[in-house]
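Student: Okay, handing you the structure first.
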Amino acid sequence: MARPQRAPIRISAPTSGRPSVEGRTGYFADFTVYAVLLIGLVALGVSGRTGSHVAWLGAFALGAAFWTLIEYGLHRFVFHGVPRIAAIHAVHHRAPRSYLWTPTWLSLVVIVVLFLLPLWRWVSLNTALGVVTGVVGGYFWYGIAHHIIHHGRPQWLADALQEAGRRHALHHGSVTGGNYGVTTSLWDLAFGTALPDRIPSAQSATASTRRDGRRVPN
Ligand SMILES: [Zn+2]
Ligand SMILES: [Zn+2]
2 MARPQRAPIR ISAPTSGRPS VEGRTGYFAD FTVYAVLLIG LVALGVSGRT GSHVAWLGAF
62 ALGAAFWTLI EYGLHRFVFH GVPRIAAIHA VHHRAPRSYL WTPTWLSLVV IVVLFLLPLW
122 RWVSLNTALG VVTGVVGGYF WYGIAHHIIH HGRPQWLADA LQEAGRRHAL HHGSVTGGNY
182 GVTTSLWDLA FGTALPDRIP SAQSATASTR RDGRRVPN
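For the sequence shown, the residue numbers in the numbering used here are 2 to 219.
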């Protein structure tokens, strides 16, 4: 019987060799920049120089909560929905420990344009900084959690993230797509994309990714 043809995953990003956004330097530089930025933003909020602590804290909580929805939407509709980016994300699905990174300048521009400037203009600088700190904190924690889930170190954090790791392993092994949230299952439950605990063995972790970002068995 003819072997079913695998849908091509070569779109516009290279599928052989290393994508330009792979490498330890860019990967850890992104973590470093965001760690420094987060410390600076928290220090500014705590100092109270931009306004009320209570308003800042409320805005921070709102930003952090909103990040979880961004995380879900990014993974579902961008990483698995935009062909060029899905091709790069497919590299992560094939090699989960590869050091793929998002250009730091790009995420910073998005945060400034979508959150800092509009909220500063239409609400206040204090609220804008609170929301931005929440979003930056969420993004940083997502990166850390995702790294630890795949690398298993440090052990104590890997143990604490066991449930998130189990959910994410199901995402990597799924042919239908689902479990797009890494730090929380909330939006998968809300939008009906939570995967059942066990997936058929045919849907192995060695499956590859189709053009539309869905996964097909090898
Ligand atoms: Zn994915
Ligand atoms: Zn992953």
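Glycine is no exception: its CB is placed at the ideal position from the N, C-alpha and C atoms.
Rank S186, L158, P155 and R199 by C-alpha distance to the C-alpha of L171 and give the top, closest one.
Tutor: R199
Student: Can you find the residues in the same chain that come closer than 8 Å, C-beta to C-beta, to T69, ignoring five residues on each side of it along the sequence?
Tutor: So the list reads G139, G182, T184, T185, L187 and W188, once near-sequence residues are dropped.
Student: Could you give the uninterrupted runs of the alpha helix (DSSP H) lying entirely in the segment 120-166, keeping only those of 4 residues or more?
Tutor: 126-152 and 156-161
Student: Candidates L190, F141 and G179: which alpha carbon is nearest I40's?
Tutor: F141
Student: Whose C-beta lies closer than 6 Å to the C-beta of G59 among residues of the same chain, with five residues either side of it excluded?
Tutor: none
Student: Does DSSP put L196 in a helix, a strand or coil?
Tutor: coil
Student: Work out the CA separation of W123 and P155 for me, nearest whole Å.
Tutor: 42 Å
Student: Output the boundary residues of the alpha helix (DSSP H) element that contains P84.
Tutor: P84 to R95
Student: Say the cut is 6 Å; is the CB of P97 nearer than that to a heavy atom of ligand 2?
Tutor: yes
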